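Using the working numbering, you'd call the opening residue of the sequence shown number 4 and step up by one each time.
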Amino acid sequence: MNIKILVATHKQYWMPEDSVYMPIHVGREGKEDIGYTGDHTGDNISSKNANYCELTGLYWAWKNLDADYIGLVHYRRYFTRKEVRSVEAKKEQILTGAEWETLLSEYPVVVADKRKYYIESNRSHYNHAHHSDGLDAAEQIIAEKYPEYSDAFTKVCNRTWAHMFNMFVMRRDLFDQYCEWMFSILEEIEHRVDISDYDTYEARIYGFVSEILLDVWIEANNINYKEQNVSFMEPQNWLKKGSYFVLRKFGLHSKG
């Protein structure tokens with residue numbers, strides 16, 4: 004199997020040595036070389052990184068990378084066998100190329116373990132965390148251009164769990180189908196939603212919307228997938244995250 008898993012980064016950082024992992028400098032256009040492949044060659048949207056986040060690397064792979072399976076992780080988040088405490092131990096848990104071959108011989112798609120919200124739906128969580136315009140526009144566009152996906156969109160938005168982080172590995176034919184569908188929706192959102200007054204965080208609108216779109220595509224196409232543990236390579240400040248969530252939920256934190 005020719006497996007390439009992009010490791011999206013914007014700075015030099017520790018990287019796995021296994022050859023399946025390919026560091027990619029996202030948003031490389033106009034930036035200094037940091038020693039990794041950039042997302043600014045060939046057919047690319049590198050200059051849109053402030054709005055598309057890691058998806059500029061995904062787009063580059065779609066248009067320029069030759070592989071049987073393509074995936075995306077982040078320099079601080081990887082698919083691992085299990086959760087452990089220390090960062091060094093987490094590095095040892097990152098899936099190897101041989102393990103990926105075994106997984107992908109059984110499943111055409113691997114995604115992150117469910118993130119569960121319990122008291123909120125995906126839609127209410129999105130609306131508390133972000134401007135609702137992006138997701139609302141996605142719903143409209145799907146109804147107009149891909150009505151066969153509308154039921155799946157509603158179902159996913161009403162769930163209390165999701166596969167987040169835009170992390171996955173896919174068989175090439177499915178990867179191409181997903182990118183064609185997903186990027187066509189995001190491109191249309193660009194024409195419909197004015198983000199000129201968004202702060203830098205909310206300006207990452209297309210990255211946020213795409214996290215929901217991944218599950219919509221999986222649901223609508225009845226994709227056979229495997230969930231895999233995701234480990235963060237840095238300590239998480241859960242108190243800060245929890246406080247931020249409460250502030251957003253009660254409208255006490257500005258979205259810009």
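Glycine included, every Cβ here is placed at the ideal spot set by N, Cα and C. All of these numbers come straight from a predicted model, not from anything done at the bench.
Task: Check whether A64 and K117 have beta carbons under 8 Å apart - done: To locate residue 64, count along the sequence shown from 1; it is residue 61. To locate residue 117, count along the sequence shown from 1; it is residue 114. Against a cut-off of 8 Å, the Cβ pair of K117 and A64 comes out as no contact.
Task: Sub-8 Å separation of I6 and L107 beta-carbons - done: Numbered from its first residue, the sequence shown carries residue 6 at position 3. Numbered from its first residue, the sequence shown carries residue 107 at position 104. Contact flag set, yes.
Open item on the list: So, with DSSP's three-state summary, where would you put R88?
Closed with: The residue you call residue 88 lines up with position 85 of the sequence shown. Coil.
Open item on the list: Tell me whether the stretch 222-232 and the stretch 147-167 touch, counting them as touching only if at least three CB pairs, one residue from each stretch, are closer than 8 Å.
Closed with: yes
Task: N- and C-terminal bounds of the alpha helix (DSSP H) containing G137 - done: Against the sequence shown, residue 137 aligns to sequence position 134. Segment 136-148, the alpha helix (DSSP H) holding G137.
Open item on the list: Cutting at 6 Å between CB atoms, please list the residues of its own chain near Y209, excluding the five before and the five after it.
Closed with: Within the sequence shown, the letter at position 206 stands for residue 209. Closer than 6 Å at the Cβ level, and outside the excluded window around Y209, lie N54, Y55, L189.
Task: Delimiting residues of the beta strand (DSSP E) encompassing A115 - done: Numbered from its first residue, the sequence shown carries residue 115 at position 112. Its beta strand (DSSP E) spans residues 112-115.
- [ ] List the whole-angstrom C-beta distance separating I215 from L138, where the pair is believed to meet the contact cut-off of C-beta under 8 Å.
- [x] Here residue 215 refers to the residue found at position 212 of the sequence shown. Here residue 138 refers to the residue found at position 135 of the sequence shown. Sure, about 6 Å apart at Cβ, within 8 Å.
Task: Given A132 as reference, the closest of R207, K93, Y181, K148 once Cα atoms are compared - done: Along the sequence shown, read from residue 1 onward, the residue named residue 132 stands at position 129. Here the closest residue by C-alpha is R207.
Task: Proximity below 8 Å, CB of M4 to CB of Y72 - done: For this step, residue 4 is matched to residue 1 along the sequence shown. For this step, residue 72 is matched to residue 69 along the sequence shown. Yes. Within cutoff.
TODO: Would you check if there are 3 or more beta carbon pairs closer than 8 Å linking the stretch 231-239 to the stretch 88-103?
DONE: yes
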